[in-house]
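All you need for our numbering is the position in the sequence shown, starting with 1, plus 55.
All C-beta atoms, glycine included, are put in the ideal place defined by N, C-alpha and C.
Please read the structure below before turning to the comments.
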Amino acid sequence: MADDSTDGATAERATDAATPTGGRADGPVGGPAGRIRPRARASWVALLAVVAFALVAAGAGLRGLVDRPPGADSVDAGFAYDMSAHHAQAVQMAMVEFRAGADATQRSVAQDIALTQQREIGIMSAWLTNWGLPQVSTEPPMRWMRDSGGHAGHDAGHDAGHDAAGGGSPAGTASTAGTASTAGTAPAGSSRMPGMATDAELAQLSTTQGRELDVLFLTLMIRHHRGGIAMAQYAAAQAQEANVRALARAMVINQAVEIDQMQADLRALGAPPA
């Protein structure tokens with residue numbers, strides 16, 4: 056009996072060796088016990104590896120399409136370029152008030168605005184670098200606000216200027232009221248950004264002193280913030296990049312809060328609202 060078993064086992068091993076799959080010649084690959092032979096297991100592993108690689112490669116290709124950085128004519132880039140310029144003027148005006156303002160509270164407000172907006176300029180500059188774009192745009196300002204039919208800068212600026220004029224003169228004088236009534240407005244086709252102060256207003260700000268400087272600064276900055284909010288609202292809705300939309304939303308919230316505070320400061324100074 057022992058000899059017969061030994062001969063049977065030897066024959067089975069010989070059959071296995073002659074079978075390319077490593078299984079029985081007339082049975083399933085796994086053999087009677089259902090086990091997958093080592094060579095069959097290796098074949099399945101290799102196949103799965105090929106499929107996995109193909110899926111990863113396809114996913115990488117899709118990510119390449121989805122994660123393509125914004126171009127120079129995108130909402131993201133236009134917002135970064137124009138809001139940086141918009142912020143730069145706010146910093147300029149804030150530093151005038153910080154150095155020469157009469158009211159300590161308004162000097163503190165000016166300092167906060169300058170620090171916050173300068174930091175945001177740095178963030179937007181880093182975006183442009185990461186996207187492989189130059190720091191200076193070759194596109195006309197405000198072209199990125201396409202849904203407004205190319206007149207976004209004019210429309211938002213006109214509204215901001217009207218709001219400022221409707222609230223009275225920046226310094227509470229007739230001569231200043233004439234300047235404020237046209238600030239933020241732009242002729243048709245103009246690319247000036249909404250809420251921006253004119254050169255004449257910046258010159259007036261730099262030469263005004265005392266309480267009149269505080270009032271003029273607050274009035275111009277409120278209008279400036281309104282224009283910035285219009286730009287940020289558009290970017291928050293239309294930008295491609297999540298971090299651009301997030302910063303734009305933060306700007307809308309923060310500047311709305313600052314407008315309310317500056318209106319209260321105007322009342323405290325005995326000046327009409329902006």
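In terms of alpha-carbon separation, which member of the options lies closest to residue i?
i, options, result
"V270", "T160, V130, D128 and P124", "T160"
"A291", "D158, L302, V164 and Q144", "L302"
"M251", "E267, R162, Q264 and M276", "M276"
"E313", "R322, V164, R300 and P125", "V164"
"Q173", "V146, E256, T253 and G126", "V146"
"L170", "A143, R198, A181 and R322", "A143"
"N309", "R281, P327, Y289 and A297", "R281"
"P327", "E267, H279 and E256", "E267"
"L311", "N298, L188, D122 and I168", "With the sequence shown as reference, residue 311 is identified as Ala, and Leu is not the correct amino acid for it. It is I168 whose Cα lies nearest to the Cα of A311."
"Y289", "A255, T253 and R198", "R198"
On the CB-based measure, 16 or more other CB atoms within 10 Å of its CB, does residue i come out buried or exposed?
i, result
"R68", "Note that R68 scores 47 on pLDDT, short of 50, meaning its location in the model is unreliable; the coordinates nonetheless yield the value given after this. Exposed, because fewer than 16 other Cβ atoms sit within 10 Å of the Cβ of R68."
"D320", "buried"
"D128", "exposed"
"T274", "buried"
"R322", "exposed"
Looking at residue i: is its Cβ nearer than 8 angstroms to the Cβ of residue j?
i, j, result
"A329", "Q316", "no"
"M248", "P196", "yes"
"M138", "M179", "yes"
"A157", "G265", "yes"
Going by beta carbon distance, what residues of the same chain come within less than 6 angstroms of residue i, once the five residues before and after it are set aside?
i, result
"A287", "A303, M306 and V307"
"H141", "M248 and G283"
"P124", "W186"
"R300", "A291 and A294"
"F272", "E152"
"E296", "D131"
"Q166", "F153"
"D122", "none"
Taking 7 angstroms as the limit between beta carbons, can you name the residues of its chain near residue i, skipping five residues before and five after?
i, result
"H217", "In this prediction, H217 scores a pLDDT of 41, lower than 50, which makes its location untrustworthy; the coordinate-derived value is nonetheless stated afterwards. Around H217: no qualifying Cβ."
"S230", "Annotation note: pLDDT 31 at S230 (below 50); position unreliable, coordinate value reported separately. None."
"L188", "A127 and A132"
"I176", "S139, H142 and A143"
"R2", "In the structure as shown, the chain begins at 56 and stops at 329. Residue 2 is therefore absent and cannot be evaluated."
Excluding sequence positions up to five away, which residues of its chain have a Cβ less than 8 angstroms from the Cβ of residue i?
i, result
"L183", "A132, A135, Y136, P189 and Q190"
"N298", "W182"
- Touch check for the segment 130 to 139 and the segment 183 to 203: three-plus C-beta pairs under 8 angstroms? yes
- Could you tell me whether the segment 259 to 268 touches the segment 149 to 166, using the rule of 3 or more Cβ pairs below 8 angstroms? yes
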